[in-house]
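To start, the structure itself, in structure tokens.
Residue numbers (our numbering): 118 to 513.
In structure tokens form, the structure reads like this:
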């Protein structure tokens, strides 16, 4: 009987943690004021850690009773919650198993050539500037300096023949906070330029602190692409005062970058038209008016590409017939456990779209793990800089 109770207790604990982790993930997908996010987060953390202790205390006090008997014959609030935890555990395991099988169509992600470079080794010094970054960088296995650069060949079902080979450098979540040095970001930009892509696209959370706006000429201002460098804002720009957001936007555009936050535009690529759009909801409520853009020709273009800070706009992109969606925000979860994978992912979808390539007809989505974060800690989840090469289904 002890073994049965122990097993049921472990399953209940798993379900409890899954419930409140899910609540935390959804909380950080909202545009609630920062103050209320902190209050709600404190409540969630308190319940997460306190509830199991209270339950254990009651179990010790009432030693001898069994989980199974109490649930079958009692309907007190704690026992109802215990049953809910078991249901949550079963659901979590079922979802995890499903996601191991549900991946991008392998025909659409043709290849992923990956290299890893340690930026600290290249700079010959650790680029941590703040006390927090210095301390966290010493944790064994922390990969904040280990940049993954990859070239992914993506097959887009509706890509016009004349756009075959179109290349896009995609990265996200630089989080210029001052915790990592400017030289760290200069090296990131240098490596982004080495791709020599046709387009560069940055999907939000560029700058967290106004003091780092002065870094832009030597960082993002150095980005180069023949057909333009495009960006949108994210939730961390929303946290800044409006005057600083306007200053940031103005500085980026003076440096030649093009804002897509809340609107769409046409770009001519070798005689073909591209529709580029940006959706930074829920943090920036302005949304591109896709009803006013050129309609798609039967079995042809124009190709539609959406920049969205969060993968939560996947359904929106799908409803407006986008071919490609680029997003970030999730940081890949930052800590990815063996077998389990990511746990903490700020999305309404939970961990479903933590990072990688996903397809729901007609939209292919690429979610970047990002470059940095406000908490400089990455375990089994390196920062990511990607070049996406778009190919038709028939191209050799």
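Quick reminder that beta carbons are idealized off the backbone N, C-alpha and C, glycines included.
Asked: Three-way DSSP call (helix, strand, coil) for residue 590 in this model; Found: In this structure the chain extends from 118 to 513, so residue 590 is not present and cannot be described.
Asked: Pairwise C-alpha distance: residue 452 and residue 362; Found: 30 Å
Asked: C-alpha distance - residue 464 paired with residue 255, whole-angstrom precision; Found: 29 Å
Asked: Beta strand (DSSP E) segment containing residue 514, residue limits; Found: Since the first residue of the chain shown is 118 and the last is 513, residue 514 is not available in this structure.
Asked: Beta-carbon proximity check, residue 442 vs residue 430, cutoff 9 Å; Found: yes
Asked: Alpha carbon of residue 410 to alpha carbon of residue 392, nearest angstrom; Found: 8 Å
Asked: Extent of the continuous alpha helix (DSSP H) run through residue 228; Found: Where residue 228 is concerned, there is no enclosing alpha helix (DSSP H), although the beta strand (DSSP E) it sits in stretches over 226-235.
Asked: Own chain, CB closer than 6 Å to residue 145, minus 5 neighbours either side, in chain order; Found: 463
Asked: Complete runs of the alpha helix (DSSP H) confined to the segment 429-464 [at least 4 residues]; Found: 431-436
Asked: Contacts around residue 147, its chain only, beta-carbon distance under 8 Å, and the 5 residues preceding and following it disregarded; Found: 154 and 399
Asked: Sheet register partners of residue 163 (DSSP bridge); Found: Looking at the DSSP assignment, residue 163 forms no beta bridge with any residue, so it has no partner.
Asked: Residue closest to residue 494, alpha-carbon to alpha-carbon, out of 259, 379 and 263; Found: 259
Asked: For residue 347 and residue 322, the rounded distance between their alpha carbons; Found: 13 Å
Asked: Classification of residue 248 by the beta-carbon crowding that lies within 10 angstroms, buried from 16 upward; Found: exposed
Asked: Cβ contact check for the segment 321-341 and the segment 356-376: 3 or more pairs under 8 Å; Found: yes
Asked: Sequence-distant residues of the same chain with beta carbon closer than 6 Å to residue 213, five excluded per side; Found: none
Asked: Nearest-angstrom Cα separation, counted from residue 207 out to residue 199; Found: 13 Å
Asked: Any 3 or more C-beta pairs closer than 8 Å across the segment 327-335 and the segment 262-270; Found: no
Asked: Touching by the beta-carbon criterion (3+ pairs, under 8 Å), the segment 277-284 and the segment 228-245; Found: no
Asked: For residue 480 and residue 439, believed in contact at Cβ under 8 Å, the rounded distance; Found: 5 Å
Asked: Burial state of residue 269 (16 or more Cβ within 10 Å); Found: buried
Asked: Distance, residue 121 Cα to residue 183 Cα; Found: Any reading at residue 183 must be qualified, since the residue scores a pLDDT of 49, below 50, and its modelled position is unreliable; no value is offered.
Asked: Test item: CB-CB of residue 405 and residue 417 under 9 Å; Found: no
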